[in-house]
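Visitor: Have a look at this one.
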Amino acid sequence: MYLKQITLTDFRNYQKQKLDFSPAVNVLIGKNAQGKTNLLEAIFVLAMAKSHRTSKDKELIRFKQEAARLEGTINRRLGDLKLELILSKKGKIAKVNHLERPKLSEYIGQLNVILFAPEDLALVKGAPQERRRFIDMEFSQIDPLYLHDLSQYKQVLRQRNKYLKALQLKQTNDLVYLDILTEQLANLGGKVIAKRLIYLKRLETYAKDLHAQITQGKEQLTLRYKTNLKDLGTQTESDLATNLLAKFQQLRQKELSQGTSLAGPHRDDLSFYLNDNNVQTYGSQGQQRTTALSVKLAEIELMHEQTGEYPVLLLDDVLSELDGQRQTHLLKTIQDKVQTFLTTPGLNDIAQQLIKEPKIFHVNNGKISTDDENTLQVEIFYPHKDENDESTKNKFEEELA
0 MYLKQITLTD
10 FRNYQKQKLD
20 FSPAVNVLIG
30 KNAQGKTNLL
40 EAIFVLAMAK
50 SHRTSKDKEL
60 IRFKQEAARL
70 EGTINRRLGD
80 LKLELILSKK
90 GKIAKVNHLE
100 RPKLSEYIGQ
110 LNVILFAPED
120 LALVKGAPQE
130 RRRFIDMEFS
140 QIDPLYLHDL
150 SQYKQVLRQR
160 NKYLKALQLK
170 QTNDLVYLDI
180 LTEQLANLGG
190 KVIAKRLIYL
200 KRLETYAKDL
210 HAQITQGKEQ
220 LTLRYKTNLK
230 DLGTQTESDL
240 ATNLLAKFQQ
250 LRQKELSQGT
260 SLAGPHRDDL
270 SFYLNDNNVQ
280 TYGSQGQQRT
290 TALSVKLAEI
300 ELMHEQTGEY
310 PVLLLDDVLS
320 ELDGQRQTHL
330 LKTIQDKVQT
340 FLTTPGLNDI
350 AQQLIKEPKI
360 FHVNNGKIST
370 DDENTLQVEI
380 FYPHKDENDE
390 STKNKFEEEL
400 A
């Protein structure tokens, strides 16, 4: 799979921009604040129908415009595919081959992307919600049922938390409705955890091999799913739901006192171990970065295994954060395998030696040019905050909020 072409209309600081890409490596060179990351963000939004930088769609729309439009042509094994995403203050419209898809689960997965930014190097030592976001973002692309179950789980979770708060404030006293919501949440939670365990096991297989290559076999990487349920390896989806329901019953008084749900996949975490030592606690900064790199590269293989297509890789100024050894391993791993978009102030010696015939895009003051094409003019408008804009909920936010 690769992105052949993209057209941006009123997206961020671009008024109108159409670009053709190489199926191999595309390098965006320019100083900071020139618009390189905005282009990577556009590709991510085209794939995921949401940004990795903001939860407010109105920030993606060019100043004083009513809507932003992204159009892309995707090359897949079975032929080209057209994607279109319109972002407005009223909501989103997503189309595949000119046909509107009313559900996000019917849109996500048409273009698979993996984003690797400097903050992803903190995946290991960062907050638990960052690792849960990592899990959900990647697994949602490879399994529409996972996205559906996760979306339903979050919807019931919001209802249950709202009702627990009402019980805490003595605004109601009907525990029968709480029992109904609890059973629904336990059943959906069992489905989410079951799929997480399956895909994390496959991810670990690839990450373990990659990590061994980087460390020359000196370190063995393992991934462990952290939850307050026991004996995960032997439990079926039904078992997980039953045990999660029992956990809710055990925590009932505490949940009523605090007014929130205290168990379930929304509170679970992921731990990384090197030679049975917790990397978050005992690993050096170099070990933490190598672990993050191994896991991110393992995503490529997992997506290929599950979908039959390699994803598009977005590298946002990552090379400057990696030493020579890790740069070399990263570039050798992706070479001749995945379409890659790489932003950088300038290619260093290692990158120049390892990247074969990249397509170079020069980004400077809102103008993009390539080494083999005439300059492409881009009208750039710096964003301003419009205090009169109001966030508008839409059907997609319910599915991947």
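For the sequence shown, numbering that gives the first Met the number 0 begins at 0 and goes up steadily by one. Even glycine gets a Cβ: it sits at the ideal position worked out from N, Cα and C. Please read all numbers here as calculations on a predicted model, not as lab measurements.
#1: So within the segment 110-156, which uninterrupted beta strand (DSSP E) runs reach at least 3 residues, ignoring any that extend past its ends?
#2: Jot down the residue ranges of each uninterrupted alpha helix (DSSP H) in the segment 236-286, minimum 4 residues, whole runs only, in chain order.
#3: Could you tell me which residues DSSP puts in a beta bridge with isoleucine 359?
#4: Given this structure, state the Cα-to-Cα distance separating alanine 93 from glutamine 154, to the nearest angstrom.
#5: Quick one: measure Cβ to Cβ for leucine 196 and tyrosine 152, integer angstroms, because I've assumed they're closer than 8 Å.
#6: Check phenylalanine 43 in the structure and name its three-state DSSP category.
#7: Residues in the same chain with beta-carbon distance under 7 Å from serine 270, minus the five sequence neighbours each way, listed in chain order, please.
#8: Should tyrosine 281 go down as buried or exposed, given a rule of 16 or more other Cβ atoms within 10 Å for buried?
#9: Any idea what DSSP makes of arginine 333, helix, strand or coil?
#10: Using 8 Å as the threshold, is the segment 190-209 in touch with the segment 246-253, meaning 3 or more CB pairs across them?
#11: One question on the structure: do tyrosine 309 and glutamine 338 come within less than 9 Å of each other, judged by their Cβ atoms?
#12: Under a Cβ-count criterion, where at least 16 other Cβ atoms within 10 Å of its own Cβ denotes burial, should phenylalanine 360 be classed as buried or exposed?
#13: Going by Cα to Cα distance, which pick from Ala41, Asp267, Val24 and Glu298 is closest to glutamine 16?
#14: From which residue to which residue does the alpha helix (DSSP H) around leucine 314 run?
#15: Can you find at least 3 beta carbon pairs, one from the segment 224-238 and one from the segment 315-324, that sit closer than 8 Å?
#16: Taking isoleucine 192 as part of the alpha helix (DSSP H), name the residues at either end of that continuous run.
Guide: So, from the listed chains and residues:
#1: Listed in chain order, the complete beta strand (DSSP E) runs (minimum 3 residues) inside the segment 110-156 are 112-115.
#2: Entirely contained in the segment 236-286, the alpha helix (DSSP H) runs reaching 4 residues are, in chain order, 236-249, 251-257 and 278-281.
#3: Translated into positions along the sequence shown, residue 359 becomes position 360. Within the DSSP bridge table, the entry for isoleucine 359 names Val26 as partners.
#4: Here the question's residue 93 lines up with position 94 in the sequence shown. Here the question's residue 154 lines up with position 155 in the sequence shown. Near 21 Å, if we compare the C-alpha coordinates of glutamine 154 and alanine 93.
#5: Taking the first residue of the sequence shown as 1, we reach residue 196 at position 197. Taking the first residue of the sequence shown as 1, we reach residue 152 at position 153. Between leucine 196 and tyrosine 152 the beta-carbon gap is near 15 Å, outside 8 Å, which marks them as no contact.
#6: Residue 43 sits at position 44 when you count from the first residue of the sequence shown. Phenylalanine 43 falls in the helix class under three-state DSSP.
#7: The residue labelled residue 270 in the question sits at position 271 within the sequence shown. Contacts found: Arg223, Lys225, Asn277 and Gln279.
#8: Taking the sequence shown and counting its residues from 1, one reaches residue 281 at position 282. Label assigned to tyrosine 281: exposed.
#9: The sequence position of residue 333 within the sequence shown is 334, counting from 1. For the record, residue 333 in the displayed sequence is isoleucine; it is not arginine. Helix.
#10: Too few Cβ pairs lie closer than 8 Å, so no.
#11: Walking along the sequence shown from the start, residue 309 turns up at place 310. Walking along the sequence shown from the start, residue 338 turns up at place 339. A contact, by the Cβ cut-off of 9 Å.
#12: Mapped onto the sequence shown, residue 360 falls at position 361. Flag for phenylalanine 360 reads buried.
#13: Start at 1 with the first residue of the sequence shown, and residue 16 comes out as number 17. Of Ala41, Asp267, Val24 and Glu298, the residue nearest in Cα terms is Ala41.
#14: By 1-based counting over the sequence shown, the position of residue 314 is 315. That residue, leucine 314, is in no alpha helix (DSSP H); its beta strand (DSSP E) goes 311-315.
#15: With the cut-off at 8 Å, the segment 224-238 and the segment 315-324 do not touch.
#16: By one-based count along the sequence shown, residue 192 stands at place 193. For isoleucine 192, the enclosing alpha helix (DSSP H) stretches over residues 174-213.
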